[in-house]
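Contents: one structure, followed by commentary.
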Amino acid sequence: MMRHAFVLFMFSILFSCQKTVEYRIAHNSELNTLANNAITFSWKIETEEIKEQTAYQIRVYAGNKNDSNKSNIIWDSGRVESKLQSFSPYLGEALKGGQVYYSKVKVWDENNNESKWSTPQKLIAPLKYPEDWSGKWITYSYKSEDPLPLFRKNFSIKDTEKIAFVRFYIAAPSFYEAYINGKRIGENVLDPAQTNFNDYMFYTAYDIPMEQLKAENVLGVMLGNGWYNQNVVWGKSMIYGQPIVMGQLQITYKDGRKKTISTDTSWQWTAGPITYTNIYTGEYYDARKEVANWSSSLENNAQWQNATLAEKHPNKVLQQFAEPIQVMDSIMPVKIASAKHGNYIYDFGQNITGWVKLQVEGEKGQEITIRFSEEMGKDGELDFRSTGIKATKNIQTEKYISKGEGVEIWEPRFTYHGFRYAEVSGLTSKPSKDLLTGMIVYSAMEKTGSFNSSEPNINKLHDLTLWTLKGNMQGIPTDCPHREKCGWTGDAHAVAKTLIHNLDAHQFLTKYVYDMRSSGRNEKKELYFGRNFHDRSIITKPKGITTMIAPGRRTSGTASPDWGTAVVQLPWYIYTYYGDKSILEAFYKDMTTWVDYVGSKKENGVIVHGLGDWCPPDGNASIECPVPVSSTAYHILDVSILRKTAKVLGYNDDEKKYALLENQLKASFNNAFLDKHKGTYGSQTANSMALEIGITPEAYKTKVAKAIVEDSNANHNGFLSTGIYGVSRVFQALSENGYEDKAYQLLTKKGNHSFEAMWAYYDATTLWEILPVNTNPEEYDKLMLRSHSHPMQGGFDSWFYSGIAGINPDENEPGFKKVIFKPYLTQQMEHAQASYESRYGVIKSAWKNKAGIFSWEIQIPKNSTGDVYVPNYGKEVSITINGEALNNLDLSSQFTNIGSFSSGNYIIEMK
4 MMRHAFVLFM FSILFSCQKT VEYRIAHNSE LNTLANNAIT FSWKIETEEI KEQTAYQIRV
64 YAGNKNDSNK SNIIWDSGRV ESKLQSFSPY LGEALKGGQV YYSKVKVWDE NNNESKWSTP
124 QKLIAPLKYP EDWSGKWITY SYKSEDPLPL FRKNFSIKDT EKIAFVRFYI AAPSFYEAYI
184 NGKRIGENVL DPAQTNFNDY MFYTAYDIPM EQLKAENVLG VMLGNGWYNQ NVVWGKSMIY
244 GQPIVMGQLQ ITYKDGRKKT ISTDTSWQWT AGPITYTNIY TGEYYDARKE VANWSSSLEN
304 NAQWQNATLA EKHPNKVLQQ FAEPIQVMDS IMPVKIASAK HGNYIYDFGQ NITGWVKLQV
364 EGEKGQEITI RFSEEMGKDG ELDFRSTGIK ATKNIQTEKY ISKGEGVEIW EPRFTYHGFR
424 YAEVSGLTSK PSKDLLTGMI VYSAMEKTGS FNSSEPNINK LHDLTLWTLK GNMQGIPTDC
484 PHREKCGWTG DAHAVAKTLI HNLDAHQFLT KYVYDMRSSG RNEKKELYFG RNFHDRSIIT
544 KPKGITTMIA PGRRTSGTAS PDWGTAVVQL PWYIYTYYGD KSILEAFYKD MTTWVDYVGS
604 KKENGVIVHG LGDWCPPDGN ASIECPVPVS STAYHILDVS ILRKTAKVLG YNDDEKKYAL
664 LENQLKASFN NAFLDKHKGT YGSQTANSMA LEIGITPEAY KTKVAKAIVE DSNANHNGFL
724 STGIYGVSRV FQALSENGYE DKAYQLLTKK GNHSFEAMWA YYDATTLWEI LPVNTNPEEY
784 DKLMLRSHSH PMQGGFDSWF YSGIAGINPD ENEPGFKKVI FKPYLTQQME HAQASYESRY
844 GVIKSAWKNK AGIFSWEIQI PKNSTGDVYV PNYGKEVSIT INGEALNNLD LSSQFTNIGS
904 FSSGNYIIEM K
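Just so you know, the sequence shown maps onto residues 4 to 914 in the working numbering.
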């Protein structure tokens with residue numbers, strides 16, 4: 004099955020054991036215009052006998068799947084001596100767009116045993132624009148107040164039994180839904196993902212099942228407005244153009260013949276039943292205006308007109324390679340309540356992102372209105388404030404007018420919402436729960452992580468984080484699913500590692516890194532934030548410097564030093580967690596441009612501009628960490644990453660240059676901000692950032708960690724004062740510097756000034772923009788003015804995997820080629836377990852501490868190794884691994900390194 008990124012699975016039989024070896028190929032379509040290599044190959048080894056790969060060979064060929072004779076070979080890598088099994092680039096000649104190729108792989112193990120070739124897998128080369136496109140950009144007689152259009156084209160097929168495959172390519176920047184003979188094509192929604200459409204956009208390719216074809220066929224396309232034609236929210240300048248579409252259906256016969264049905268002026272259009280749609284505000288649908296059989300038969304009563312060629316359209320069209328947005332799950336309401344004016348309020352029991360499916364039996368002309376909110380007001384009615392109506396000036400609303408023909412089922416197509424509650428009006432009788440079903444929508448990233456522990460508070464925090472992630476990953480990492488739906492760069496770096504631990508975000512984040520580049524491509528006039536959020540001016544944004552928001556027409560200004568750091572952080576995380584070196588090669592210049600730009604703004608060795616530690620518990624007016632502290636800390640982090648990147652890429656002079664700069668910046672930071680007498684940088688966030696980033700001198704680490712504890716106890720009711728910069732770092736900072744008890748206390752505290760207040764007092768089911776950790780009734784109205792689904796607050800969740808479960812990548816052997824196992828809170832908790840699906844296979848860590856015995860099960864995937872650190876805390880203990888005693892260990896440290904281990908399953912006991 005092809006998933007736009009062409010993630011395919013192959014199996015190979017080893018000569019020695021006759022067991023399958025999984026071979027995974029990641030084919031990133033058309034990325035030759037965005038990255039250095041359009042196609043890369045990855046695979047996994049899963050067999051008991053092989054421990055380590057020492058070499059591999061990849062072959063790409065044309066022609067018959069089972070015929071790879073020399074005349075058909077397009078590219079052969081030859082034997083490559085390497086232990087790596089991810090992101091091996093295709094280095095052959097350019098492939099012909101739309102043509103079928105096949106690929107296969109074999110490997111050699113540590114004993115030089117050679118496997119058989121894997122089962123060949125199909126690879127269809129992406130189309131190049133414009134040379135591979137026969138389809139034209141078409142549109143219609145557009146008026147903003149008119150219904151959205153339906154397009155169609157009829158075509159005939161002969162010799163259907165001789166067809167090899169059929170593929171449909173569609174580019175429609177304003178969203179689309181496509182049909183063939185009345186059957187919907189694909190499962191994507193809100194497609195394609197948002198980009199800067201004046202720079203580039205994505206098309207989508209679908210394989211059409213043969214059973215959907217007939218001798219006489221109709222191809223239909225319904226268009227929306229999407230991000231391309233949105234001007235209801237954030238002003239008229241948001242529009243790129245009117246709805247347009249370009250497409251082609253390519254029929255390939257077994258004998259090599261091809262037939263293509265392309266968009267042109269022979270296509271016809273008519274007004275459809277969607278009378279209004281906007282990505283922010285909602286969608287209106289009049290079922291009375293449905294055109295019966297519009298995409299399955301030419302016989303209907305619609306007034307069809309010929310399409311016209313679109314004069315304005317995107318000029319760069321690439322195949323979509325990141326996971327598409329899809330309906331990923333559904334949820335039923337848990338409660339229905341009667342409201343004023345005969346309305347009914349549905350409570351889904353969970354704040355979600357998506358829409359509702361309506362199932363109703365209504366009278367012809369009956370109008371049903373559905374409005375959405377995250378919260379209920381004290382008066383028993385919906386409270387819309389947290390969905391951003393102050394900014395958008397609109398309530399999330401759907402309207403459906405019934406056609407009166409029995410049970411009608413409807414879902415909106417080109418909008419989505421963030422909500423827990425749905426108010427239904429226009430009904431003539433009391434409804435059942437079956438009236439509405441919540442449809443959960445996000446980019447179809449596979450789940451890669453799982454976490455659970457003995458502590459209900461920690462498990463609940465993890466659950467809230469997962470729901471918030473799913474609620475804000477719709478083609479880009481958004482800030483919230485209603486008010487803005489924007490890719491704020493600061494939010495993205497705050498949550499990136501949490502996203503990576505829970506979902507396979509490699510392609511998703513790679514796409515977003517290119518979005519940031521795209522948004523920074525041009526020099527232009529932009530807003531600039533100076534010493535804080537309210538210090539604003541207009542500057543000429545330099546070329547190569549991204550914007551606060553990416554992508555989109557709404558930019559909100561030049562990226563501040565503490566927001567735009569995402570340009571440096573994200574490529575490094577993609578490399579570290581996935582082992583994708585090409586992202587560093589592609590973005591090294593972007594990273595150096597950013598670091599040099601921020602460095603040019605130093606005043607007395609520190610960076611004084613930025614927004615600061617956003618959204619602490621009492622709101623931005625109470626940010627305790629000064630902007631120069633946090634912005635300079637991020638600049639040091641950027642320089643540190645750049646130093647390591649230069650080393651990876653072999654840029655020795657740059658490595659030395661940035662090492663020197665890093666040391667200078669750390670010295671300036673400590674001279675300016677470290678109170679050596681008190682052992683503090685002045686706030687919980689400042690101390691956490693300095694410790695976690697590695698700025699604090701060794702001699703002061705324990706004192707600085709202690710200062711976090713003292714500030715929490717003396718000034719913040721034993722809790723946190725951190726915003727998004729600190730909340731993602733504080734638990735690591737405490738635990739790694741002798742204060743695990745405090746980290747545990749913060750995570751498990753109950754009552755007022757605690758995480759538990761979020762669900763126990765406020766009934767939160769997602770992370771709020773300002774975490775509702777205080778039970779003061781006076782906080783309520785302030786919290787209602789902020790979003791109740793904001794993933795930027797969830798940075799702490801990555802530490803549940805890396806800290807509590809102790810699963811960490813090694814920067815020197817990235818992508819979890821080597822795993823560092825080092826768990827914390829083992830003295831405070833009874834048990835914890837986590838798993839992570841790395842590029843090499845599943846990593847597991849499950850420990851329990853009971854009756855004086857610490858028992859730890861770990862799993863290291865094939866072709867990986869693991870360094871294991873046992874938490875003995877300097878005590879004289881006995882340690883066994885798989886029943887074998889380990890002797891002559893130095894047990895004097897908090898953690899004892901018991902060695903490096905190859906792939907396998909291990910049980911470690913300490914008592």
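We treat Cβ as the ideally placed atom computed from N, Cα and C, and that holds for glycine.
(request) Tell me, please, which residues DSSP counts as bridged to residue 225. (result) By one-based count along the sequence shown, residue 225 stands at place 222. Residue 225 is bridged to 153, 180.
(message) Strictly by DSSP, which residues pair up with residue 816?
(response) Numbered from its first residue, the sequence shown carries residue 816 at position 813. According to DSSP, residue 816 bridges with 813.
(request) On a CA-only basis, which of 252, 143, 259 is nearest residue 308? Give me that one, please. (result) The residue you call residue 308 lines up with position 305 of the sequence shown. Residue 143 is the option with its Cα nearest to residue 308.
(request) Classify residue 281 as buried or exposed, calling it buried when 16 or more other Cβ atoms lie within 10 Å of its own Cβ. (result) By one-based count along the sequence shown, residue 281 stands at place 278. Residue 281 is buried by the Cβ-count criterion.
(message) According to DSSP, residue 110 sits in a beta bridge with which residue or residues?
(response) Position 107 of the sequence shown, counted from the start, is the residue given in the question as residue 110. Partner(s): 59.
(request) Determine the contact status of residue 297 and residue 187, defining contact as a CB-CB distance below 8 Å. (result) The count along the sequence shown starts at 1 and reaches residue 297 at position 294. The count along the sequence shown starts at 1 and reaches residue 187 at position 184. Contact: no.
(message) Buried or exposed, going by whether 16 or more other CB atoms sit within 10 Å of the CB of residue 655?
(response) Residue 655 sits at position 652 when you count from the first residue of the sequence shown. Exposed.
(message) Can you list, in chain order, the residues of its chain with a C-beta nearer than 6 Å to that of residue 870? Leave out the 5 residues immediately preceding and following it.
(response) Position 867 of the sequence shown, counted from the first residue, corresponds to residue 870. These residues qualify, in order along the chain: 823, 903.
(request) Kindly indicate the opening and closing residues of the alpha helix (DSSP H) around residue 834. (result) Indexing the sequence shown from 1 puts residue 834 at position 831. No alpha helix (DSSP H) holds residue 834; the beta strand (DSSP E) holding it covers 834 to 840.
(request) Provide the residue(s) that pair with residue 124 in DSSP beta bridges, ordered along the chain. (result) Translated into the one-based positions of the sequence shown, residue 124 becomes position 121. DSSP lists 106 as partners of residue 124.
(request) Could you check if residue 72 is buried or exposed, using at least 16 other CB atoms within 10 Å of its CB as the buried criterion? (result) By 1-based counting over the sequence shown, the position of residue 72 is 69. Exposed is the call here.
(message) Measuring only the C-alpha atoms, how far is residue 628 from residue 124?
(response) Numbered from 1 along the sequence shown, position 625 holds the residue referred to as residue 628. Numbered from 1 along the sequence shown, position 121 holds the residue referred to as residue 124. Roughly 54 Å separates the two Cα atoms.
(request) Please report the Cβ distance between residue 548 and residue 597, rounded to the nearest whole angstrom; I am assuming they are in contact, meaning their Cβ atoms lie under 8 Å. (result) The sequence position of residue 548 within the sequence shown is 545, counting from 1. The sequence position of residue 597 within the sequence shown is 594, counting from 1. Contact holds; Cβ gap of about 7 Å.
(request) Would you be able to state if there are at least three C-beta pairs under 8 Å between the region 623 to 641 and the region 594 to 609? (result) yes
(request) Could you round the C-beta distance between residue 804 and residue 452 to whole angstroms and report it? I think they count as a contact, below 8 Å. (result) The residue given as residue 804 occupies position 801 in the sequence shown. The residue given as residue 452 occupies position 449 in the sequence shown. Right, the Cβ-Cβ distance comes to about 6 Å (below 8 Å), so this counts as a contact.
(request) Look up residue 913 in the DSSP assignment and say whether it is helix, strand or coil. (result) Within the sequence shown, residue 913 is the residue found at index 910, counting from 1. Reduced to three states, the DSSP call for residue 913 is strand.
(request) Let me know the secondary structure DSSP gives residue 765 once reduced to three states. (result) What you label residue 765 is simply residue 762 of the sequence shown in a count that begins at 1. Of the three classes helix, strand and coil, the one that applies to residue 765 here is coil, per DSSP.
(request) For residue 485, name the three-state secondary structure that DSSP assigns. (result) Looking up residue 485 in the sequence shown gives position 482. Coil, per DSSP.
(message) For the beta strand (DSSP E) containing residue 423, name the first residue and the last one.
(response) The sequence position of residue 423 within the sequence shown is 420, counting from 1. Looking at the DSSP string, the run of the beta strand (DSSP E) that includes residue 423 is 420 to 428.
(message) With three or more beta-carbon pairs closer than 8 Å as the criterion, would you say the region 462 to 479 touches the region 783 to 801?
(response) yes
(request) Determine the burial state of residue 320: buried for a count of at least 16 other Cβ atoms within 10 Å of its Cβ, exposed for fewer. (result) Translated into the one-based positions of the sequence shown, residue 320 becomes position 317. When all chains shown are included, residue 320 counts as buried.
(request) Could you tell me which of 755, 529, 765, 541 sits nearest to residue 550, measuring between CA atoms? (result) Counting from 1 along the sequence shown, the entry for residue 550 is found at position 547. The shortest C-alpha separation from residue 550 is found at 529.
(request) Taking 8 Å as the threshold, find out whether the region 836 to 844 comes into contact with the region 443 to 460 through three or more Cβ pairs. (result) yes
(message) My output table needs one value for residue 672: the three-state DSSP class, helix, strand or coil.
(response) The sequence position of residue 672 within the sequence shown is 669, counting from 1. Helix, per DSSP.
(request) Given a cut-off of 8 Å, decide if residue 293 and residue 276 are closer than it, judged by their beta-carbon atoms. (result) For this step, residue 276 is matched to residue 273 along the sequence shown. For this step, residue 293 is matched to residue 290 along the sequence shown. Their beta carbons are under 8 Å apart, which means residue 276 touches residue 293 by this criterion.
(request) Would you mind listing the alpha helix (DSSP H) stretches within the region 669 to 728 that are 4+ residues and don't spill past its ends, in chain order? (result) 687 to 696, 704 to 718
(message) Quick check on the burial criterion: 16 or more other C-beta atoms within 10 angstroms. Buried or exposed for residue 108?
(response) Translated into the one-based positions of the sequence shown, residue 108 becomes position 105. Residue 108 should be labelled buried.
(message) By the three-class DSSP mapping on this structure, what secondary structure does residue 92 have?
(response) Translated into positions along the sequence shown, residue 92 becomes position 89. Correct three-state label for residue 92: strand.
(request) Give a yes or no on whether 8 Å exceeds the smallest Cβ distance from residue 582 to chain D. (result) No chain D appears in this structure, which consists of one protein chain only.
(request) Write down every uninterrupted run of the beta strand (DSSP E) in the region 287 to 353 whose length is 3 residues or greater and which is fully enclosed by it, in chain order. (result) 320 to 322, 328 to 334, 338 to 341
(message) With distance defined between alpha-carbon atoms, name the residue in 251, 518, 258, 272 nearest to residue 264.
(response) To locate residue 264, count along the sequence shown from 1; it is residue 261. Comparing Cα positions, the closest option is 251.
(request) Determine the burial state of residue 901: buried for a count of at least 16 other Cβ atoms within 10 Å of its Cβ, exposed for fewer. (result) Indexing the sequence shown from 1 puts residue 901 at position 898. So residue 901 ends up on the buried side.
(message) Distance check for residue 741 and residue 898, CA to CA, integer angstroms please.
(response) By 1-based counting over the sequence shown, the position of residue 898 is 895. By 1-based counting over the sequence shown, the position of residue 741 is 738. About 12 Å.
(request) Determine the burial state of residue 784: buried for a count of at least 16 other Cβ atoms within 10 Å of its Cβ, exposed for fewer. (result) Translated into positions along the sequence shown, residue 784 becomes position 781. Burial call: exposed.
(message) Distance check for residue 446 and residue 327, CA to CA, integer angstroms please.
(response) To locate residue 327, count along the sequence shown from 1; it is residue 324. To locate residue 446, count along the sequence shown from 1; it is residue 443. Cα-Cα distance, rounded: 5 Å.
(message) Taking DSSP's pairing of strands, which residues face residue 386 in a bridge?
(response) Counting from one through the sequence shown, the residue named residue 386 turns up at place 383. Residue 386 is bridged to 378.
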